[in-house]
Amino acid sequence: MKRRQFLTLAGAGLGSMLIAPRIVFANVETDRRFVFIIQRGAADGLNTIIPYAEPAYRTLRGPLAIDNPIKLDGTFGLHPSLTGLRKLHQDKQALFVHAVASPYRERSHFDGQNVLESGGTSPYERKDGWLNRLVGMLPKSRGEAIAFAPTIPLALRGQADVTSYAPSALPEAPDDLMMRVGKLYDADEQLHALWSSAMETRALGAVNAQRKDAASVGRTACGLPLQGRRTARCHDRNQRLGHA
């Protein structure tokens with residue numbers, strides 16, 4: 002499969018997942034965005050995409066079985082609360098891929114997460130992330146890849162230049178203070194560049210910057226392409242769960 006075909010398919014399948022909470026995008030010469038959302042143990046797959054027609058489903062699931070799923074076809078259905086996702090599916094903006102797993106077969110959550118984000122065949126085999134390697138293969142543009150997280154997750158770490166953004170819970174600093182601090186760094190070659198970069202990132206997240214809930218972060222992510230950045234973004238649900 003050619004790179005452009007891969008990005009097209011990935012954009013169609015993953016881009017629709019902006020309703021879920023931690024996100025990663027990548028630089029491309031197109032208006033499409035590549036979005037990678039990490040849900041580290043937060044979602045119950047069988048309560049999200051429900052194999053309601055499977056004869057063993059109710060027996061094995063017991064009291065956790067969903068009685069009234071939103072039927073997608075003759076086999077699978079969505080949790081009743083996911084009406085927005087059903088609309089995306091009906092509009093062919095969401096695609097669900099079943100029975101997919103990494104080569105890792107042990108029971109360590111942390112080792113499995115490392116394989117997922119590094120793209121290796123065994124835990125800690127690689128030191129960089131598969132998404133960072135992808136970013137390094139894509140055409141350059143003026144926007145960097147960006148992670149919506151307090152720290153850049155492994156999936157986006159590596160040789161390619163990336164940045165990160167996390168909404169602050171602190172009150173917004175007044176513009177007068179920001180201007181005064183900026184003037185302190187005007188004559189400093191190193192700090193002036195760092196300050197300018199920080200202010201650019203701050204401006205990108207100006208909308209909903211004071212809220213950390215999933216919906217607000219998603220709206221912020223959706224707004225960034227409108228501000229002229231052709232970027233890859235990453236948001237991690239663990240930020241919402243309080244786990245870095």
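Letter by letter, the sequence shown follows residues 2 to 245 in the working numbering.
Glycine is no exception: its CB is placed at the ideal position from the N, C-alpha and C atoms.
What you are looking at is a predicted structure, and each value in this text was computed from that prediction instead of being measured.
Item checked: CA-to-CA distance, L178 to D189, given in whole angstroms -> For D189 and L178, the gap between their C-alpha atoms comes out near 18 angstroms.
Note to self: Helix, strand or coil, according to DSSP, for G78 in the structure here?
What the structure shows: Reduced to three states, the DSSP call for G78 is strand.
Notebook entry, point to check: When the distance is taken between beta carbons, is N133 closer than 8 angstroms to A95?
Noted result: Remark: C-beta atoms of A95 and N133 do not approach each other more closely than 8 angstroms.
Next item on the list: Would you decide whether G46 is buried or exposed? Buried here means 16 or more other CB atoms lie within 10 Å of its CB.
Entry: Residue environment analysis places G46 among the exposed positions, since fewer than 16 neighbouring C-beta atoms fall within 10 angstroms of its C-beta.
Note to self: The alpha helix (DSSP H) that contains T49, what's its start and end?
What the structure shows: For T49, the enclosing alpha helix (DSSP H) covers residues G46 to T49.
Check: Who pairs with T164 in a beta bridge, going by DSSP?
Finding: Looking at the DSSP assignment, T164 forms a beta bridge with I147.
Check: Which first and last residues belong to the alpha helix (DSSP H) in which V116 is found?
Finding: First-last of the alpha helix (DSSP H) with V116: H110 to S119.
Item checked: Rounded C-alpha distance that separates V101 from L117 -> So the two alpha carbons sit approximately 12 angstroms from each other.
Margin query: Does D68 pass the burial test, meaning 16 or more other C-beta atoms within 10 Å, or should it be called exposed?
Written below: The residue is exposed, with fewer than 16 neighbouring Cβ atoms inside 10 Å.
Next item on the list: Starting from the C-beta of R127, find all residues in its chain whose C-beta is less than 8 angstroms away, skip the five residues before and the five after it, and write them out in chain order.
Entry: S119, G120 and G121, listed in sequence order.
Margin query: For a test of the three-state rule: what should DSSP assign to K72, helix, strand or coil?
Written below: In this structure, K72 counts as strand in the three-state DSSP scheme.
Notebook entry, point to check: With a Cβ-Cβ cutoff of 8 angstroms, do V136 and V98 count as a contact?
Noted result: No. Outside cutoff.
Check: Using DSSP with H/G/I as helix, E/B as strand and the rest coil, what is V98?
Finding: Looking at V98 - three-state DSSP - the assignment turns out to be coil, as it is neither helix nor strand.
Note to self: Within the continuous alpha helix (DSSP H) that includes Q40, where are the two ends?
What the structure shows: Note, Q40: premise wrong, no alpha helix (DSSP H); not H, not E.
Notebook entry, point to check: Who are the Cβ neighbours of L192 in its own chain at under 6 angstroms, not counting the five residues just before and after it?
Noted result: Sequence-distant Cβ neighbours of L192 in its own chain, meaning closer than 6 angstroms and more than five residues away, are Y186.
Check: Expressed to the nearest angstrom, what Euclidean distance is found between the alpha-carbon atoms of A194 and M200?
Finding: A194 and M200: Cα-Cα distance of roughly 10 angstroms.
Margin query: Contact defined as beta carbons within less than 8 angstroms: I believe I51 pairs with P70. What is the distance between those atoms, to the nearest angstrom?
Written below: Between I51 and P70 the beta-carbon gap is near 4 angstroms, inside 8 angstroms, which marks them as a contact.
Check: I think A167 touches P151, with their Cβ atoms under 8 angstroms apart; what is that distance to the nearest whole Å?
Finding: About 4 angstroms separates the CB atoms of A167 and P151; that is less than 8 angstroms, so the two are in contact.
Item checked: Three-state class that DSSP yields for Q66 in the structure shown -> Contrary to the premise, residue 66 reads as Ala rather than Gln in this sequence. It is coil, neither helix nor strand.
Check: If we count the other Cβ atoms within 10 Å of its Cβ and call it buried at 16 or more, is V182 buried or exposed?
Finding: When all chains shown are included, V182 counts as exposed.
Margin query: On a Cα-Cα basis, can you pick out the residue from P124, G159 and F149 that is closest to M138?
Written below: It is G159.
Notebook entry, point to check: If you count every other CB in all the chains shown that lies within 10 Å of the CB of F111, and 16 or more means buried, which is it?
Noted result: Answer is exposed; the Cβ neighbour count stays below 16.
Margin query: Considering only the alpha carbon of each residue, which of P175, W196, G75 and K88 lies closest to K184?
Written below: Among P175, W196, G75 and K88, the Cα nearest to that of K184 belongs to W196.
Next item on the list: Output the distance between the C-alpha atoms of Y53 and H80, rounded to the nearest integer angstrom.
Entry: One C-alpha to the other measures close to 11 angstroms.
Note to self: To the nearest angstrom, how far is the alpha carbon of A57 from that of G75?
What the structure shows: Computed Cα separation, rounded: 15 angstroms.
Note to self: Could you give the first and the last residue of the continuous alpha helix (DSSP H) run that contains L139?
What the structure shows: No alpha helix (DSSP H) contains L139, which DSSP labels as neither H nor E.
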